[in-house]
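J.: So that we are looking at the same thing, I have put the structure below in structure tokens.
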Amino acid sequence: MSTSSDVTERLKGILGSAGVMTDWADQEPYAMDWRKLFPGKPACVVRPSSTEQVAQIVQICHEAGVAVVPQGGNTGLAGGAVPDSSGTQVLLSLNRMAAIRNVDPIGMTIEAEAGCILKVAQDAASSAGRLLPISLAAEGSATIGGVVAANAGGVNVLRYGMTRNLVLGLEVVLPDGTIANGLRRLRKDNAGYDWKQLFIGSEGTLGIVTAAVLRLLPRPKHSVTALLSVPDPDAALRLLELAQDELGDQVTAFELISRTSLGLVARHAGLKPPIAEGEWFVLIEAASSLAGLREAAETMLGSAFEHVIALDGVIAESGAQAAQLWALREHVTESEAREGKSVKHDVSVPLTSVPCFLAEAGEALAAGAPGTRVNAFGHLGDGNIHYNVLVDAGHDANVINRIVHDVVAAYGGSISAEHGIGQYRVGELARYRSPVEMDITRKLKRALDPEGLLNPGKVLSA
């Protein structure tokens, strides 16, 4: 078996010295996750510029028994794209593969390389009069390959679904260096197994996504954004039902925000909501290509006030005002970080169970971890709540995780709604997934990566 230093020299022969980083000063930005929880130390950082180079790199590492860790924008929240601290793993950054290969406004597709920034792809679609509806807080730095590998969610899942729902075709480099080219633009294709689905959400453990064909949508011409206060999460659910009854699939986002969240935003970001009453708030966005959306939204909100589902509210009068309302939601995570230490949970439960989950998890924390504060917010429209617990030095994160995740499991929920498992939740996944499901996962890993050299220690224990 070759050493990682031998492999580094062979990789320089493919990429040149400029394409292989061996100095720590150059490697450091790639070696730490966004939350700074998992510091790593790669043998080297390689930056290929083509799928063929990716394949050559992976083949060399496979033959030498050296692990490869693929990385996109490194914006993940579960430590899934950084190496361990052994100094033996090769970190493969896809940030040089950033081309948009094709935009088809009639077929409504976009083909982009893995290193293409999501916002760049969104803008390219918009310039063609189309919409790429994946919308994330990190869209200015997240890349297409990472978005696909993580099956990213975001604020528009309610209407458009997860990333998985938008992928038509993939190009993937397998763990032995073989290139699998499935870059089809077909809406219908039942010719055999839909193998691309294995790689969507696999977090780079089964193959390296090098390019993707994504489905586009018509770009809406009209939008409405509103912020409302509601008495409790039950009322928020009734408001969601009303919005869907009155506006149908025009509802693109439905975000639940607690008063605690807005208090953090006011304290640390200097932003205050234009309404004050209530312990819970809902941010709604609807979009349509047809006229009459605002009138329909105003009618729906009038009904919400009449039936005391909503207590107070405001509708944005311009794009700038809509951006101001969204800023309240978008600054929650940053403000929480400035407040101090927190234990984060990205969970989902069946939609109608959200109010009971919030109440029961709060009671369980009060009993099992007194002195903690809950910062709950997230995508109520699809059942995904970011249930973060503000703690001090005396609290045990493992105890808090167990308390929250036990309640999630009791409601048939998931411990990772959209952030993935990475290395952060490997043990928790093994605890809460059934033995049969874990066995299927391990069999898939062994089938595609029998040597366990692709992103080891992520999703499954090494």
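Counting from 6, one number per residue, gives the positions in the sequence shown under the numbering used here. Backbone N, C-alpha and C define an ideal beta-carbon position, used for all residues, glycine too.
1) Check whether the segment 234-248 and the segment 136-148 are in contact - that is, three or more C-beta pairs closer than 8 Å.
2) Please say whether I115 and L219 have beta carbons closer to each other than 8 Å?
3) Starting from P75 and walking both ways along the beta strand (DSSP E), at which residues does that stretch end?
4) At what residue ranges does the segment 373-454 contain a whole run of the alpha helix (DSSP H), taking only runs of 4 or more?
5) Pull up the distance between the alpha-carbon of A119 and that of E68, whole angstroms please.
6) Among all the DSSP beta bridges, which residues are the ones paired with P223?
7) Would you mind stating whether E468 and G45 have Cβ atoms separated by less than 8 Å?
8) Could you give the DSSP three-state label for G174: helix, strand or coil?
9) Taking A241 as the reference, give the member of N186, A271, V313, A302 with the closest Cα.
10) Check C361 in the structure and name its three-state DSSP category.
11) Starting from E282, follow the alpha helix (DSSP H) in both directions and report where the run begins and ends.
12) With DSSP as the reference, identify every bridge partner of C49, one or two as the case may be.
13) Have a look at A104, A274, S228 and flag the residue whose alpha-carbon is nearest the alpha-carbon of A325.
14) Counting pairs of beta carbons, one from the segment 333-347 and one from the segment 270-278, are three or more of them closer than 8 Å?
15) Just tell me which of I65, G78, W39 has its CA closest to the CA of V95.
16) Taking buried to mean at least 16 other C-beta atoms within 10 Å of its own C-beta, is L233 buried or exposed?
17) So, N161 versus A258, is the Cβ gap smaller than 8 Å?
18) Between the alpha carbons of L465 and I320, how many angstroms are there, rounded?
19) Within a Cβ cutoff of 6 Å, which residues of the same chain sit near T80, ignoring the five residues on either side of it in sequence?
20) Once the 5 residues before and after V74 are set aside, which same chain residues still bring their CB inside 6 Å of it?
21) CB Y35 to CB S90, shorter than 8 Å?
22) DSSP state of G1, grouped into three classes?
23) Could you spell out where the beta strand (DSSP E) holding E118 opens and where it closes?
24) How many Å lie between E456 and P236 at the Cα?
25) For D109, which three-state DSSP category applies?
26) Near E335, what residues of its chain come up, given a Cβ to Cβ distance below 8 Å and the 5 sequence neighbours on each side ignored?
27) So, at 7 Å on beta carbons, what are the nonlocal neighbours of G425 in its own chain, with the 5 sequence-adjacent residues on each side left out?
28) Tell whether a beta-carbon distance below 8 Å holds between G418 and S353.
29) Output the boundary residues of the alpha helix (DSSP H) element that contains V313.
30) Report the rounded CA-to-CA distance for G386 versus G206, giving the unit in angstroms.
31) Among all the DSSP beta bridges, which residues are the ones paired with E260?
32) Which residue marks the beginning of the alpha helix (DSSP H) containing S340, and which one marks its end?
33) Which of the three DSSP states, helix, strand or coil, is assigned to A231?
34) How about E176 and T215: are their beta carbons less than 8 Å apart?
T.: Once the coordinates are examined:
1) With the rule of 3 Cβ pairs closer than 8 Å, the segment 234-248 does not count as touching the segment 136-148.
2) Here the question's residue 219 lines up with position 214 in the sequence shown. Here the question's residue 115 lines up with position 110 in the sequence shown. Yes; because the gap between Cβ atoms is below 8 Å, this pair is in contact.
3) Taking the sequence shown and counting its residues from 1, the one referred to as residue 75 is at position 70. From DSSP, the beta strand (DSSP E) with P75 extends over 73-76.
4) Correct list: 402-415, 431-437, 440-453.
5) By one-based count along the sequence shown, residue 119 stands at place 114. By one-based count along the sequence shown, residue 68 stands at place 63. Taking the straight line from one Cα to the other gives about 24 Å.
6) Sequence index remark: in the sequence shown, residue 223 carries index 218 (1-based). R135.
7) As shown, the chain starts at 6 and ends at 467. That puts residue 468 outside it, with no answer to give.
8) In the sequence shown, the residue the question calls residue 174 occupies position 169. G174 carries a strand assignment under DSSP once its states are collapsed to helix, strand and coil.
9) Numbered from its first residue, the sequence shown carries residue 241 at position 236. Of N186, A271, V313, A302, the residue nearest in Cα terms is V313.
10) The residue labelled residue 361 in the question sits at position 356 within the sequence shown. It is helical.
11) Here residue 282 is taken as the residue at index 277 of the sequence shown, counted from 1. From DSSP, E282 is part of no alpha helix (DSSP H); its letter is neither H nor E.
12) Locating residue 49 in the sequence shown gives position 44, counting from the first residue. DSSP output for C49 lists V95 as bridge partner(s).
13) Taking the first residue of the sequence shown as 1, we reach residue 325 at position 320. Of the candidates A104, A274, S228, the residue whose Cα lies closest to the Cα of A325 is S228.
14) Yes: the two stretches touch, three or more of their Cβ pairs being nearer than 8 Å.
15) Stepping through the sequence shown from its first residue, residue 95 is reached at position 90. Shortest Cα-Cα distance from V95 to any of I65, G78, W39 involves I65.
16) Position 228 of the sequence shown holds residue 233. Burial check for L233: the Cβ neighbour count within 10 Å reaches 16 or more, so the residue is buried.
17) Locating residue 161 in the sequence shown gives position 156, counting from the first residue. Locating residue 258 in the sequence shown gives position 253, counting from the first residue. Against a cut-off of 8 Å, the Cβ pair of A258 and N161 comes out as a contact.
18) In the sequence shown, counting from the first residue as 1, residue 465 sits at position 460. In the sequence shown, counting from the first residue as 1, residue 320 sits at position 315. Distance between the alpha carbons of L465 and I320 is about 46 Å.
19) Start at 1 with the first residue of the sequence shown, and residue 80 comes out as number 75. Counting only Cβ-Cβ distances below 6 Å, and skipping sequence neighbours, we find W39, A143, S146, A147.
20) As a working mapping, residue 74 is identified with position 69 in the sequence shown. Once the five neighbours on either side are set aside, the close Cβ partners of V74 are P88, Q94, L96, N460.
21) Taking the sequence shown and counting its residues from 1, one reaches residue 35 at position 30. Taking the sequence shown and counting its residues from 1, one reaches residue 90 at position 85. No, the Cβ-Cβ distance between Y35 and S90 is not below 8 Å.
22) Residue 1 lies beyond the range of the chain shown here (6 to 467); nothing can be said about it.
23) Position 113 of the sequence shown, counting from 1, holds the residue named residue 118. Looking at the DSSP string, the run of the beta strand (DSSP E) that includes E118 is 114-118.
24) Here residue 456 corresponds to residue number 451 of the sequence shown, with the count starting at 1. Here residue 236 corresponds to residue number 231 of the sequence shown, with the count starting at 1. Using only the alpha carbons, I get a separation of about 54 Å.
25) Your numbering for residue 109 matches position 104 in the sequence shown. In this structure, DSSP gives D109 an extended state, which the three-state scheme calls strand.
26) The residue given as residue 335 occupies position 330 in the sequence shown. Correct list, in chain order: A142.
27) Position 420 of the sequence shown, counted from the start, is the residue given in the question as residue 425. The beta carbon of G425 sits closer than 7 Å to the beta carbons of G81, A83, G85, A155, E208 from its chain, once the five residues preceding and following it are set aside; these are given in chain order.
28) By 1-based counting over the sequence shown, the position of residue 418 is 413. By 1-based counting over the sequence shown, the position of residue 353 is 348. Yes, Cβ-Cβ distance for G418 and S353 is below 8 Å.
29) The residue given as residue 313 occupies position 308 in the sequence shown. In the DSSP assignment, V313 falls outside any alpha helix (DSSP H), carrying neither H nor E.
30) Residue mapping note: residue 386 aligns to position 381 of the sequence shown, counting from 1. Residue mapping note: residue 206 aligns to position 201 of the sequence shown, counting from 1. A direct Cα-Cα distance of roughly 21 Å separates G386 from G206.
31) Sequence index remark: in the sequence shown, residue 260 carries index 255 (1-based). Paired residue(s): L288.
32) By 1-based counting over the sequence shown, the position of residue 340 is 335. Per DSSP, S340 is one residue of the alpha helix (DSSP H) stretching across 337-344.
33) Counted from its first residue, the sequence shown places residue 231 at position 226. Correct three-state label for A231: strand.
34) As a working mapping, residue 176 is identified with position 171 in the sequence shown. As a working mapping, residue 215 is identified with position 210 in the sequence shown. Going by C-beta atoms, E176 is nearer than 8 Å to T215.
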